[in-house]
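Residue numbers (the working numbering): 29 to 1043.
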Amino acid sequence: MSVLSRHANALILAALIIVAGGAAAALRIPVSLFPFINYPRVVVAVDAGERDPAQMAAQITRPIEIALRGVPGVTHVRSTTSRGSAEVALSFPWGQDMAGATMATQGALATVLPDLPAGARFEVRRSDPTLFPVLGVALTSSSLDPQALRQLADLKVRPALLAVSGVAGVDVLGGSAREFAVDVDPARATALGLSLADVATAIGKDNAVQGVGRLEDRHRLYLVLAENRLASIADLAATPVKAGQTAAAGIVTLGQIATITPSVAPSYTRITSDGKSAVLVNVRQSLTGDTVGIVWETAARLKTLGLPPSVTVTPFYDQSELVTGAANAVRDAILLGAVLAGVVLFVFLRSGRLMLITGLMLPAVLAGTCLVLLALGMSFNMMTLGGMAAAVGLVVDDAVVMLEHIMRRLQEGQASDRRSILDAAAEMTRPLVGSTTATMVVFLPLAFVTGVTGGFFKALALTMVAALGLSLLFTRFVLPIAAARWVGAREAEAAERAGGVLARLGRSYEWSADRAFGRPAVFAAIVALVFVGAGWMAWRHVPSGFMPVMDEGGFILDYKAQPGAALSDTDRLLRQVERIIVATPEVASYSRRTGAQLGGGLTEADEGDYFIRLKGGSRRPIDAVMTDIRQKIDTDVPGLQVETAQLMEDLIGDLTAVPQPIEVKLFGDDPAVLATAAKQVGDAIGRISGVVEVVDGLRVAGDTVSIAVNPQLAPQQGLDPTGVAGQLETLIGGTQATQVRLGEQLITVRVRAPQALRSRADEIARLPLVAPDGHLVRVGQVATVSIVGGQKQLTREDLAPFVAVTARLEGRDLGSAMTEVRKTVANLKLPADVRVDYGGLYTQQKQSFADLTLVFVAALLLVALLITFLFEQPMWTIAAVGTVLLSAAAVLIGLWVTGIELNISALMGLTMVVGMVTELVIFLLAELDPSNPLDAAGLREAAGKRLRPIVMSALIAILTLSPLALGLSRGAGLQQPLATAIIFGLTAAVPLVLLFLPAALLALRSRKNGAVTAP
29 MSVLSRHANA
39 LILAALIIVA
49 GGAAAALRIP
59 VSLFPFINYP
69 RVVVAVDAGE
79 RDPAQMAAQI
89 TRPIEIALRG
99 VPGVTHVRST
109 TSRGSAEVAL
119 SFPWGQDMAG
129 ATMATQGALA
139 TVLPDLPAGA
149 RFEVRRSDPT
159 LFPVLGVALT
169 SSSLDPQALR
179 QLADLKVRPA
189 LLAVSGVAGV
199 DVLGGSAREF
209 AVDVDPARAT
219 ALGLSLADVA
229 TAIGKDNAVQ
239 GVGRLEDRHR
249 LYLVLAENRL
259 ASIADLAATP
269 VKAGQTAAAG
279 IVTLGQIATI
289 TPSVAPSYTR
299 ITSDGKSAVL
309 VNVRQSLTGD
319 TVGIVWETAA
329 RLKTLGLPPS
339 VTVTPFYDQS
349 ELVTGAANAV
359 RDAILLGAVL
369 AGVVLFVFLR
379 SGRLMLITGL
389 MLPAVLAGTC
399 LVLLALGMSF
409 NMMTLGGMAA
419 AVGLVVDDAV
429 VMLEHIMRRL
439 QEGQASDRRS
449 ILDAAAEMTR
459 PLVGSTTATM
469 VVFLPLAFVT
479 GVTGGFFKAL
489 ALTMVAALGL
499 SLLFTRFVLP
509 IAAARWVGAR
519 EAEAAERAGG
529 VLARLGRSYE
539 WSADRAFGRP
549 AVFAAIVALV
559 FVGAGWMAWR
569 HVPSGFMPVM
579 DEGGFILDYK
589 AQPGAALSDT
599 DRLLRQVERI
609 IVATPEVASY
619 SRRTGAQLGG
629 GLTEADEGDY
639 FIRLKGGSRR
649 PIDAVMTDIR
659 QKIDTDVPGL
669 QVETAQLMED
679 LIGDLTAVPQ
689 PIEVKLFGDD
699 PAVLATAAKQ
709 VGDAIGRISG
719 VVEVVDGLRV
729 AGDTVSIAVN
739 PQLAPQQGLD
749 PTGVAGQLET
759 LIGGTQATQV
769 RLGEQLITVR
779 VRAPQALRSR
789 ADEIARLPLV
799 APDGHLVRVG
809 QVATVSIVGG
819 QKQLTREDLA
829 PFVAVTARLE
839 GRDLGSAMTE
849 VRKTVANLKL
859 PADVRVDYGG
869 LYTQQKQSFA
879 DLTLVFVAAL
889 LLVALLITFL
899 FEQPMWTIAA
909 VGTVLLSAAA
919 VLIGLWVTGI
929 ELNISALMGL
939 TMVVGMVTEL
949 VIFLLAELDP
959 SNPLDAAGLR
969 EAAGKRLRPI
979 VMSALIAILT
989 LSPLALGLSR
999 GAGLQQPLAT
1009 AIIFGLTAAV
1019 PLVLLFLPAA
1029 LLALRSRKNG
1039 AVTAP
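Have a look at this one:
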């Protein structure tokens, strides 16, 4: 008695436990857009107050770069230095322990911090998807002012959303922070011998709360506070700033020498939503957070917060829409594919019970796959769901192959009872294990692939391997038990009645086989030449890219105004842009950040971004909308430079290095020569067809008012450059003297000169300085004031100065564009001391293609090893590998014909074709007896027996993937190239396996033995 007979009930119970566990696991698995990838990049943001770029680079950026270059594992250091701020990015090898690398970076910064100028601050952050929000909402109000709106967001909305499970952080942008402005009259203060710094010090000393001890008295323990807390403008006005030498002289209060008013903190950003002043709340998820759950819970909390009726909450970005769209696309593909597979099964076998068995197998295997995903700590994302969709056809195929074999034995009369059905199932163990293994082994080389490709497709590979492994177990140990109980002579008779379809296929096949096997060497050579020739042409002409493009339902529009443009002037230009956006019918809403970016980063006041959210339903493709808006801005809004990109595309680029597809890096020591070369390169590549949004990399930080202290005149007044700078900082920017606590809010008290004295650059020379002896000195008496033209941002890579010329693509693939870019740059007569290198997504593409090419070769070697192990026939292995390679050529032909790019998704599909075609090859070879000599009649008979399962297997796989290949649903774009590649590979594989493979076997046998048995 077999294992299946003895333990049938136990096996059924085990299957039910797995299904139940999988169903429960599916409810607990988090949902995210992409799988978690440990990106090997750390970014250090440095803020050092108001300094020009050259000073900032020499005093701060360069020492930090040198210190960070010594962090273990660092491969590249890249920096950008602007006015008073810098950003230093560290790149590490893929697979590096990034938690340890981040700590090592912080440690290296700690060693150099004492040598940096006072006031320099830095923030270290890992580059991962949590830097970008999963949900962004805009708060607008018809009655609340910006201060009240910001206070509402900070004190009510932000704490509530931080409590949502899976939220890593909540960032608030926009609005205004309340302050108390103390505008000191310099004449009055000077008459009393006070500088503005003295006034700020006096305010700070008068606002103090300090614990001085504890007191135990009368059975009570008291905390003793020395408290003088400022709580209002009246308290500030009464603050003493100077006491007389005698009692008669009295006390001078702040209100006597200054005007104190409610004000707002200085801000050089502007935030709007749909044209209205707004406060934006960005919700970032943790690495293990559930995107959909976070958005749902956030929405629920916002409804119960009890916000004022005048406050409107509008989502401007919702990543869960893309996640659910992608999940729905995969769900629909699975359901539609299952239905189509059922139709194929019914056409060939005409049995409702067989359809039911197959229909139960599919959800059981998928449920078990969910259990594996939970155990491995993985999420439902576009890759794991795509893997489940791609596995549907293979799971159904396993069931169909087993059922078809059982039905064939029933029709032959070799299986008539339960035991004989189980014996028939046992006959399929070897080919079933071999075919499943063939599909699984192609994923093994992915374990050694790093980068974005490895991170993305390891998740897909693990999902498929789990599904295929479970499918093998269910097909071998559970399905035969169900068939033994539910399948009998009636189903065999139904399959016999469906023989008309098979008979027509058989006659067509016999006609083709007679001609192919008559002169097998000639036929095999002709087929090989046709496929190889067409494949070579396709390889030379197929467009190539990096990541597949999908419609995310919204996009980023980055903009930059003229360098140093006033915020009001930039805002005026952007109002024109917003009229263009509003006039675009596909736009649902938009949000704008000026002086800030959605994902953070180094940003000047003359630049920023929009996130433009598009309507759902039927509309123009997102690329067409992006191009339309960009072209109208270029035409109607001169003086504004814009770039467009979808958010996830931009995110992946930012996390790896540079988001632009094209980056030409120019290295050299002379800034003037580099600037000339950058303009030359930018102009040249801008003339290439399809290359758009060219940026020459010469980012100007804006003009500077230079106050040069005279080293001879200043000492005559008792002043020095440091003292002058300190007084000017208080006069112009203001000094934060203290903070007043009102409820939960801390309000800064800023001491400064009156607005009339600091509103224009040409009035700076008349600003009053106080000498140590109390007399008044005008700035112009000890310094020269001048306006210095725009200063360029400074960029370095591995401590070498460079300029990066970047560009994006429109209507053109990355491979052909970069070929022309490289040729164009090579033909330029650049200075001899300028070195050219290339970066951007192009470098990621090259690395990914190299990795996946190795994966493809390794997959071929592994399936060759498997076939040799199964059959121990070297000639069979050669013929089988040749069949697989011709199917791969068909993939290239299919991509060329459809115009789909050869990208990492398509290359993954190409690799999967190796396993799937090998599976069909094994089905045929398993029907042959290696101990008998091959002849045409035997091969034709074997192929005839395997005709139905091979055709059914390929047809089911093709139909189950067709919904993804059509890319009809939002979010399906990531799997479209993969599905298309598999479909074309399998379409060619059926005739290749049934005709070319036997012909090749006969031809190889002929060369070995010198003859072939005639049909």
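All residues carry an ideal CB built from backbone N, CA and C; glycine is no exception.
This structure is a prediction, so every number in the text was calculated from the model and none was measured.
(request) Tell me where the beta strand (DSSP E) around Y866 begins and ends. (result) For the purposes of this step, residue 866 is taken as residue 838 along the sequence shown, with counting starting at 1. Residues 863-867.
(request) Go ahead and label F476 buried or exposed: buried means 16 or more other beta carbons lie within 10 angstroms of its beta carbon, across all protein chains shown. (result) Here residue 476 refers to the residue found at position 448 when the sequence shown is read from its first residue. The residue in question, F476, is exposed, as its Cβ has fewer than 16 Cβ neighbours within 10 Å.
(message) Taking 8 Å as the cut-off, does the region 651-659 touch the region 612-624 (at least 3 CB pairs, one atom from each stretch)?
(response) yes
(request) Indicate whether L1030 and A549 have their beta-carbon atoms separated by less than 9 Å. (result) In the sequence shown, counting from the first residue as 1, residue 1030 sits at position 1002. In the sequence shown, counting from the first residue as 1, residue 549 sits at position 521. A contact, by the Cβ cut-off of 9 Å.
(message) Per the DSSP calculation, G636 is bridged to which residue(s)?
(response) Working through the sequence shown from its first residue, we reach residue 636 at position 608. Partner(s): Y587, T622.
(message) In this structure, how does DSSP classify I690 when only helix, strand and coil are distinguished?
(response) As a first step, residue 690 is located in the sequence shown; it is residue number 662 there, counting from the start. Strand, per DSSP.
(request) State the DSSP-derived secondary structure class of P796, mapped to helix, strand or coil. (result) Walking along the sequence shown from the start, residue 796 turns up at place 768. Looking at P796 - three-state DSSP - the assignment turns out to be strand.
(message) Does the region 499-515 come into contact with the region 449-466, if we say contact requires no fewer than three beta-carbon pairs (one atom in each stretch) closer than 8 Å?
(response) yes
(message) Once DSSP output is grouped into helix, strand and coil, what is the label at R840?
(response) Your numbering for residue 840 matches position 812 in the sequence shown. Looking at R840 - three-state DSSP - the assignment turns out to be coil, as it is neither helix nor strand.
(message) Would L330 and L890 qualify as a contact pair, given that the criterion is a beta-carbon distance under 9 Å?
(response) The count along the sequence shown starts at 1 and reaches residue 330 at position 302. The count along the sequence shown starts at 1 and reaches residue 890 at position 862. Not a contact, by the Cβ cut-off of 9 Å.
(request) Just the C-alpha distance for G561 and A553, rounded to the nearest angstrom, thanks. (result) To locate residue 561, count along the sequence shown from 1; it is residue 533. To locate residue 553, count along the sequence shown from 1; it is residue 525. Looking at the two C-alpha atoms, the distance is approximately 12 Å.
(request) Would you kindly check if the distance between the Cβ of M944 and the Cβ of L373 is under 9 Å? (result) Position 345 of the sequence shown holds residue 373. Position 916 of the sequence shown holds residue 944. Result no, Cβ atoms of L373 and M944 do not sit closer than 9 Å.
(request) Tell me whether Y537 counts as near the ligand NAD, meaning its Cβ is closer than 8 Å to at least one heavy atom of that ligand. (result) Looking at this structure, you won't find the ligand NAD or any other ligand, since it has none at all.
(message) Under DSSP, the alpha helix (DSSP H) around S915 begins and ends at which residues?
(response) For this step, residue 915 is matched to residue 887 along the sequence shown. Taken as a continuous stretch (DSSP letters only), the alpha helix (DSSP H) holding S915 covers 902-926.
(message) Taking the beta carbon of E16 as the centre, do at least 16 other beta carbons fall within 10 Å, making it buried, or is it exposed?
(response) Since the first and last residues shown for the chain are 29 and 1043, residue 16 lies out of range.
(message) Using only the alpha-carbon positions, how far apart do Q809 and A293 sit?
(response) The count along the sequence shown starts at 1 and reaches residue 809 at position 781. The count along the sequence shown starts at 1 and reaches residue 293 at position 265. So the two alpha carbons sit approximately 31 Å from each other.
(message) Beta-carbon within less than 7 Å of L507's beta-carbon, same chain only, minus the 5 sequence neighbours each way: which residues are those?
(response) By 1-based counting over the sequence shown, the position of residue 507 is 479. Excluding residues within five positions, the ones whose Cβ falls inside 7 Å are I385, M389, A427, M430.
(message) For A510, which residues in the same chain have their Cβ closer than 6 Å to its Cβ, ignoring the five residues on either side in sequence?
(response) For this step, residue 510 is matched to residue 482 along the sequence shown. Answer for A510: I385, listed in chain order.
(message) Does the CB of V779 have a neighbour CB from chain D at under 9 Å?
(response) Absent here is chain D; the protein component of the structure consists of one chain.
(message) Taking 9 Å as the threshold (C-beta atoms), are L822 and T229 in contact?
(response) Taking the sequence shown and counting its residues from 1, one reaches residue 229 at position 201. Taking the sequence shown and counting its residues from 1, one reaches residue 822 at position 794. Contact flag unset, no.
(request) Determine the DSSP secondary structure at E772, reduced to helix, strand or coil. (result) One-based indexing of the sequence shown puts residue 772 at position 744. Residue state, collapsed to three classes: coil.
(message) The beta strand (DSSP E) that contains T168, what's its start and end?
(response) Residue numbering aside, residue 168 sits at position 140 when the sequence shown is read from its first letter. Counting along the chain, the beta strand (DSSP E) containing T168 begins and ends at 163-169.
(request) Measure the alpha-carbon distance for A970 versus L1002 and round it to whole angstroms. (result) Looking up residue 970 in the sequence shown gives position 942. Looking up residue 1002 in the sequence shown gives position 974. When rounded, the distance between both Cα atoms is 39 Å.
(message) In this structure, how does DSSP classify K270 when only helix, strand and coil are distinguished?
(response) Here the question's residue 270 lines up with position 242 in the sequence shown. In the structure shown, K270 sits in a strand (DSSP, three-state: E or B).
(request) Kindly identify the DSSP beta-bridge partner or partners of G1013. (result) The count along the sequence shown starts at 1 and reaches residue 1013 at position 985. G1013 pairs with nothing; no bridge assigned.
(message) If you reduce the DSSP assignment to three classes, tell me which class D656 lands in.
(response) In the sequence shown, residue 656 corresponds to position 628, counting from 1. Three-state DSSP puts D656 in a helix.
(request) Answer yes or no: do I690 and M578 have a C-beta to C-beta separation smaller than 9 Å? (result) Counting from 1 along the sequence shown, the entry for residue 690 is found at position 662. Counting from 1 along the sequence shown, the entry for residue 578 is found at position 550. Contact: no.
(message) Under 8 Å, with one C-beta from each stretch per pair, do the region 824-840 and the region 93-106 reach the 3-pair mark?
(response) yes
(message) Pull the bridge partners of V237 from the DSSP assignment, please.
(response) On the sequence shown, residue 237 is found 209 positions in, with the first residue counted as 1. DSSP, once it has assigned bridges, lists E255 as partnering V237.
(request) With a cut-off of 8 Å on the beta carbons, I'd call L888 and V849 a contact; round off their distance for me. (result) Against the sequence shown, residue 888 aligns to sequence position 860. Against the sequence shown, residue 849 aligns to sequence position 821. Actually they do not touch by this definition, with Cβ atoms about 33 Å apart.
(message) Rounded to the nearest angstrom, what separates T412 and W924 at their Cα positions?
(response) The residue labelled residue 412 in the question sits at position 384 within the sequence shown. The residue labelled residue 924 in the question sits at position 896 within the sequence shown. The straight-line gap from Cα to Cα measures roughly 27 Å.
(message) If I measure Cβ to Cβ from D75 and keep anything under 6 Å in the same chain, skipping five residues before and after, which residues do I get?
(response) Taking the first residue of the sequence shown as 1, we reach residue 75 at position 47. The answer, listed in chain order, is S113, R149.
(message) So for I45, helix, strand or coil by DSSP?
(response) Position 17 of the sequence shown, counting from 1, holds the residue named residue 45. I45: helix per DSSP, three-state reduction.
(message) What would DSSP say about H803, mapped onto helix, strand or coil?
(response) As a first step, residue 803 must be located in the sequence shown, where it is residue number 775. Here H803 sits in coil by DSSP.
(request) Report buried or exposed for G128, applying the criterion of at least 16 other Cβ atoms within 10 angstroms of its Cβ. (result) Taking the sequence shown and counting its residues from 1, the one referred to as residue 128 is at position 100. The residue is exposed, with fewer than 16 neighbouring Cβ atoms inside 10 Å.
(request) List the whole-angstrom C-beta distance separating I584 from L626, where the pair is believed to meet the contact cut-off of C-beta under 8 Å. (result) The residue labelled residue 584 in the question sits at position 556 within the sequence shown. The residue labelled residue 626 in the question sits at position 598 within the sequence shown. At roughly 7 Å, the Cβ-Cβ gap stays under 8 Å, so I584 and L626 are in contact.
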